[in-house]
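Engineer:
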Amino acid sequence: MNLITAESLTRAFQSTVAVDGINLSIKEGVCTALLGPNGAGKTTTLNMLTGLIKPTGGSIAFDERYHGDRRQYIGYLPQFPKFYGWMSGQEYLMYTGQLCGLTKKAANERAEELLTLVDLAEAKRKRIGGYSGGMKQRLGIAQALVNNPKLVILDEPVSALDPIGRREVLELMKKLKKTTSILFSTHVLHDAEEVSDDIFIMNRGKVVIEGGLAELQTKYQKPTIYIETEEEPDIWCRALKKKEWFRHMHLDKKQLTITVENINTAREELLADATLHKLKPLRFEVVRTTLEDLFMEVAKK
Amino acid sequence: MRQWFILFKKECLESVRNFKWLWIPIVFILFGIMQPVTSYYLPQILESFGGLPEEALFDIPVPSGPQILAETLGQFSQIGYLVLVLAFMGVIAEEKNSGTQLMILVKPVSYGAYLTAKWAHMSLLAVTSFILGFSFAVYYTHVLIESVPAAHVIKGAVVYILGMLFVMTLILLFSTLFNSRAAVAFLTLGLTIVVSLLSSLMPNTMRWSPGMLSSHAYSIFGTGEGGEAMWLSIACTLLIISVMVGIAVYIFRNKETASHSS
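For the record, the sequence lines run as chains Z and S.
Just so you know, UniProt numbering puts 144 at position 144 of the first sequence, and the rest follows in order with no gaps.
Just so you know, UniProt numbering puts 115 at position 115 of the second sequence, and the rest follows in order with no gaps.
1. With respect to the beta strand (DSSP E) encompassing Z/Lys206, which residues constitute its N-terminal and C-terminal limits?
2. Consider the Cβ of S/Asn18: report whether some Cβ of chain Z lies at a distance smaller than 8 Å.
3. Among Z/Gln255, Z/Gly51 and Z/Gly58, which one has its Cα closest to the Cα of Z/Ile74?
4. Excluding the 5 residues flanking Z/Leu139 on each side, which residues of the same chain have their C-beta closer than 8 Å to its C-beta?
5. Look at the Cβ atom of S/Val184, then the Cβ atom of S/Ser196, and state whether they are nearer than 8 Å.
6. Comparing the C-beta of S/Ser15 with each C-beta of chain Z, is any distance below 8 Å?
7. Determine, using beta carbons only, whether Z/Asp69 comes closer than 8 Å to chain S.
8. Check for me: the beta strand (DSSP E) holding Z/Gln255 runs from which residue to which?
9. DSSP three-state label for Z/Ile22, please.
10. For Z/His187, does the three-state DSSP call read helix, strand or coil?
11. Report the rounded CA-to-CA distance for S/Ser262 versus Z/Gly41, giving the unit in angstroms.
12. Is Z/Leu35 near Z/Ile182, with beta carbons less than 8 Å apart?
13. Taking CB distances under 8 Å as the criterion, tell me whether S/Lys10 reaches chain Z.
14. I want to verify the contact list: residues of chain Z whose CB lies under 7 Å from the CB of S/Leu177, in sequence order.
15. Considering only the alpha carbon of each residue, which of Z/Glu194, Z/Thr224 and Z/Ile227 lies closest to Z/Leu213?
16. Under a three-way DSSP split, which group does S/Ile92 fall into?
17. Can you tell me whether S/Lys96 is buried or exposed, with buried defined as 16 or more other CB within 10 angstroms of its CB?
18. Could you tell me the alpha carbon to alpha carbon distance between S/Leu73 and S/Val159, rounded to whole angstroms?
19. So, does the stretch 231 to 239 of chain Z touch the stretch 29 to 40 of chain S, judging by three or more C-beta pairs under 8 Å?
20. Examine chain S for any beta-carbon lying closer than 8 Å to the beta-carbon of Z/Gln217, and answer yes or no.
21. In terms of residues, what are the limits of the beta strand (DSSP E) holding Z/Met202?
22. Reducing DSSP to helix, strand and coil, say where Z/Tyr84 ends up.
23. Which one or two residues does DSSP pair with Z/Met249 in a beta bridge?
24. Counting only Cβ pairs nearer than 7 Å, list the residues of chain S close to Z/Gln72.
25. Taking DSSP as the reference, what is the three-state secondary structure of Z/Leu154?
26. Okay, do the stretch 249 to 263 of chain Z and the stretch 205 to 220 of chain Z touch, 3+ Cβ pairs below 8 Å being the bar?
27. With 16 as the cutoff for other CB atoms within 10 Å, does S/Ala44 come out buried or exposed?
28. One question on the structure: do Z/Thr56 and Z/Thr10 come within less than 8 Å of each other, judged by their Cβ atoms?
29. At 8 Å on the CB atoms, spell out the chain Z contacts of S/Met1, in chain order.
30. Beta strand (DSSP E) containing S/Gln197: first to last residue?
31. Taking the alpha-carbon positions, what's the Z/Ser8 to S/Pro25 distance?
32. Please report the straight-line C-alpha distance between S/Ala248 and S/Leu115, rounded to a whole angstrom.
33. Excluding sequence positions up to five away, which residues of its chain have a Cβ less than 7 Å from the Cβ of Z/Arg247?
34. Is there contact here, the stretch 60 to 70 of chain S with the stretch 128 to 147 of chain S, by at least three beta-carbon pairs under 8 Å?
Put into structure tokens, the structure is as follows:
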């Protein structure tokens with residue numbers, strides 16, 4: 001069941017086409033990542049889905065079961081959430097809760113619940129002006145959830161955070177995944193791989209690759225062998241290029257990364273190679289690449 | 001309607017916390033007191049500054065009560081409007097530029113309610129400040145000079161308030177149109193001055209205009225009756241205000257909320 005379906009969605013600004021006829025289908029109960037380099041059109045796409053920007057072409061349809069204003073069913077965290085600095089965290093959540101139609105009492109309860117969820121219960125009476133970046137981000141997530149949305153849209157939720165804040169938010173997203181659908185944008189592939197089920201990779205306003213994470217991984221991930229030696233391996237490794245399992249190689253001084261076709265044959269042959277033993281190997285490791293190569297390839301185009 | 005009230009309450013709370021509800025009324029009260037007091041003590045004030053030259057052999061007449069009240073309104077129309085414009089020139093632009101607006105309008109909030117709540121709040125603050133300031137003016141006029149019939153005062157004040165609402169609506173409209181606060185302030189003050197100048201220069205062609213309202217108020221203070229065609233200008237002002245609010249809402253709805261990031 002698709003929560004949101006966008007068909008040939010287009011948005012042109014005066015001189016540039018930020019989003020160029022993309023098709024998106026966001027499934028219910030799934031965490032979807034919109035991945036792409038900076039300037040790929042991710043924010044514009046998300047803003048169109050929320051209704052903050054009007055598309056210049058194409059259509060957006062929300063699940064028919066949820067009729068009326070689709071803003072009712074969406075929670076949104078912009079890339080740079082800005083709050084009223086003079087309000088306290090609790091006041092802000094109550095304000096937004098009431099705007100979403102909760103009664104004062106219900107909004108208060110919901111605010112308490114969310115403040116505990118995002119671990120801000122202690123700072124709830126503090127003015128938001130005095131919050132740290134990570135706290136603001138967590139409050140941003142809390143306000144996106146205030147109306148129990150069917151779909152939570154997060155624009156670059158972890159990009160501006162330090163490693164600790166980043167970890168906190170990713171853990172929070174994993175928790176949220178169980179109860180609601182998430183659509184988030186990121187330019188960091190690793191984050192997308194960590195929490196999402198579906199991935200859309202965008203570049204220059206177009207969706208270049210889409211699919212389930214597992215599906216993309218089997219399709220694009222290449223088994224790789226990493227070898228580190230004491231001696232320079234560059235003469236030896238030239239010979240490897242002729243092997244039938246060989247695909248690609250990268251040599252950085254004494255660190256050799258070989259992408260292979262068939263991991264088992266490659267491993268057997270390499271380990272049996274007497275020359276390699278003479279190079280005094282320090283490490284021999286079978287690794288799986290992330291989608292990094294794919295992403296870089298797509299982003300470069 | 002409940003949502004409108006929540007938005008309205010937030011505006012009030014914000015203005016309380018940034019002290020707009022304190023200093024704007026204080027400005028109006030100061031000018032409300034100053035006008036009758038300085039008029040009454042003018043001879044003594046001149047004396048203390050060295051007096052008039054011998055040749056100036058005329059008496060400074062103590063102005064009448066209605067005259068003082070009219071002069072107070074004159075002060076409000078200059079300093080008062082300036083203060084209000086400076087306080088509210090960013091009423092829409094501020095939230096738009098800072099990005100707080102985005103997070104509210106992505107919630108199921110009516111754009112019209114968002115805008116009219118802001119308008120209602122700034123009008124309430126302006127009118128309250130005016131009533132406070134003008135009450136002081138009336139009181140001191142009563143104590144120092146002469147009392148003006150209460151009915152005249154109230155009628156005149158109501159007519160003047162309408163003119164104030166016109167200015168507040170101008171701020172709202174320009175604030176929805178332009179992101180620059182300077183532009184909002186400049187256009188609002190400029191247009192207000194132009195309208196009132198035109199109205200005093202050619203009262204016949206401008207008989208419908210909101211700029212006529214203050215002269216009607218002056219005349220009510222004196223005689224209890226507004227000038228010629230007062231109802232025409234009242235009706236036109238009401239119409240202009242509602243049309244401007246309508247245009248502001250229309251523009252606000254159709255203007256892009258989120259800007260294209262680079």
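We treat Cβ as the ideally placed atom computed from N, Cα and C, and that holds for glycine.
Remember, it's a predicted structure, so these values are computed and weren't measured experimentally.
Structural biologist: According to the structure shown:
1. Taking the first sequence and counting its residues from 1, the one referred to as residue 206 of chain Z is at position 206. Looking at the DSSP string, the run of the beta strand (DSSP E) that includes Z/Lys206 is Lys206 to Gly212.
2. Taking the second sequence and counting its residues from 1, the one referred to as residue 18 of chain S is at position 18. Using a Cβ-Cβ cut-off of 8 Å, S/Asn18 counts as an interface residue toward chain Z, since at least one Cβ of chain Z sits closer than that to its own.
3. Residue 74 of chain Z sits at position 74 when you count from the first residue of the first sequence. Cα-wise, what sits closest to Z/Ile74 is Z/Gly51.
4. Residue mapping note: residue 139 of chain Z aligns to position 139 of the first sequence, counting from 1. A distance below 8 Å between beta-carbons, with the five flanking residues on each side excluded, links Z/Leu139 to the following residues of its chain, in chain order: Pro81, Phe83, Gly89, Tyr92, Leu93, Val118, Leu120, Ile128 and Tyr131.
5. Counting from 1 along the second sequence, the entry for residue 184 of chain S is found at position 184. Counting from 1 along the second sequence, the entry for residue 196 of chain S is found at position 196. No, the pair does not count as a contact, with Cβ atoms beyond the cut-off.
6. Here residue 15 of chain S is taken as the residue at index 15 of the second sequence, counted from 1. Judged by the 8 Å Cβ criterion, S/Ser15 is not in contact with chain Z.
7. As a working mapping, residue 69 of chain Z is identified with position 69 in the first sequence. The C-beta of Z/Asp69 comes closer than 8 Å to at least one C-beta of chain S.
8. The residue given as residue 255 of chain Z occupies position 255 in the first sequence. The continuous beta strand (DSSP E) containing Z/Gln255 extends over residues Gln255 to Val260.
9. Taking the first residue of the first sequence as position 1, residue 22 of chain Z is located at position 22. Z/Ile22 falls in the strand class under three-state DSSP.
10. The residue given as residue 187 of chain Z occupies position 187 in the first sequence. In the structure shown, Z/His187 sits in coil (DSSP, three-state: anything other than H, G, I, E or B).
11. Taking the first residue of the second sequence as 1, we reach residue 262 of chain S at position 262. Taking the first residue of the first sequence as 1, we reach residue 41 of chain Z at position 41. Confidence is the limiting factor: at S/Ser262 the pLDDT is only 38, short of 50, which leaves the residue's position unreliable, though a coordinate-based value still follows. Distance between the alpha carbons of S/Ser262 and Z/Gly41 is about 10 Å.
12. Here the question's residue 35 of chain Z lines up with position 35 in the first sequence. Here the question's residue 182 of chain Z lines up with position 182 in the first sequence. The criterion of a C-beta distance shorter than 8 Å is not satisfied by Z/Leu35 and Z/Ile182.
13. Position 10 of the second sequence, counting from 1, holds the residue named residue 10 of chain S. Judged by the 8 Å Cβ criterion, S/Lys10 is in contact with chain Z.
14. Counted from its first residue, the second sequence places residue 177 of chain S at position 177. None at all; the shortest Cβ gap to chain Z is about 19 Å.
15. Translated into the one-based positions of the first sequence, residue 213 of chain Z becomes position 213. Taking only the C-alpha atoms, the option nearest Z/Leu213 is Z/Glu194.
16. Your numbering for residue 92 of chain S matches position 92 in the second sequence. Coil, per DSSP.
17. The count along the second sequence starts at 1 and reaches residue 96 of chain S at position 96. A residue is called buried once 16 or more other Cβ atoms fall within 10 Å of its Cβ, and S/Lys96 is buried on that count.
18. Translated into positions along the second sequence, residue 73 of chain S becomes position 73. Translated into positions along the second sequence, residue 159 of chain S becomes position 159. Each residue's alpha carbon lies about 11 Å from the other.
19. Segments in contact, no.
20. Sequence index remark: in the first sequence, residue 217 of chain Z carries index 217 (1-based). For Z/Gln217, the answer is no, since every Cβ of chain S falls outside 8 Å of its Cβ.
21. Residue numbering aside, residue 202 of chain Z sits at position 202 when the first sequence is read from its first letter. Asp198 to Asn203 is the extent of the beta strand (DSSP E) around Z/Met202.
22. Position 84 of the first sequence, counted from the first residue, corresponds to residue 84 of chain Z. Coil, per DSSP.
23. As a working note, residue 249 of chain Z is residue 249 in the first sequence. For Z/Met249, which the question treats as bridged, DSSP gives the partners Z/Ile258.
24. In the first sequence, the residue the question calls residue 72 of chain Z occupies position 72. The answer, in chain order, is Pro108.
25. Position 154 of the first sequence, counted from the first residue, corresponds to residue 154 of chain Z. When secondary structure is reduced to three states using DSSP, Z/Leu154 falls in the strand class.
26. No contact exists between the stretch 249 to 263 of chain Z and the stretch 205 to 220 of chain Z.
27. On the second sequence, residue 44 of chain S is found 44 positions in, with the first residue counted as 1. Note that residue 44 of chain S is Gln in the sequence shown, not Ala. Flag for S/Gln44 reads exposed.
28. Here residue 56 of chain Z refers to the residue found at position 56 of the first sequence. Here residue 10 of chain Z refers to the residue found at position 10 of the first sequence. Yes. Within cutoff.
29. What you label residue 1 of chain S is simply residue 1 of the second sequence in a count that begins at 1. In chain order: nothing, as chain Z lies at least about 12 Å away.
30. For the purposes of this step, residue 197 of chain S is taken as residue 197 along the second sequence, with counting starting at 1. Looking at the sequence shown, residue 197 of chain S is not Gln but Leu. Where S/Leu197 is concerned, there is no enclosing beta strand (DSSP E), although the alpha helix (DSSP H) around it starts and stops at Arg181 to Leu201.
31. Counting from 1 along the first sequence, the entry for residue 8 of chain Z is found at position 8. Counting from 1 along the second sequence, the entry for residue 25 of chain S is found at position 25. In this structure, the CA atom of Z/Ser8 is about 55 Å from the CA atom of S/Pro25.
32. Translated into positions along the second sequence, residue 248 of chain S becomes position 248. Translated into positions along the second sequence, residue 115 of chain S becomes position 115. Straight-line Cα distance between these residues: approximately 8 Å.
33. Residue 247 of chain Z sits at position 247 when you count from the first residue of the first sequence. Taking C-beta separations shorter than 7 Å and ignoring five residues to either side along the sequence, the partners of Z/Arg247 in its chain run Lys222, Thr259, Val260 and Glu261, following chain order.
34. A contact exists between the stretch 60 to 70 of chain S and the stretch 128 to 147 of chain S.
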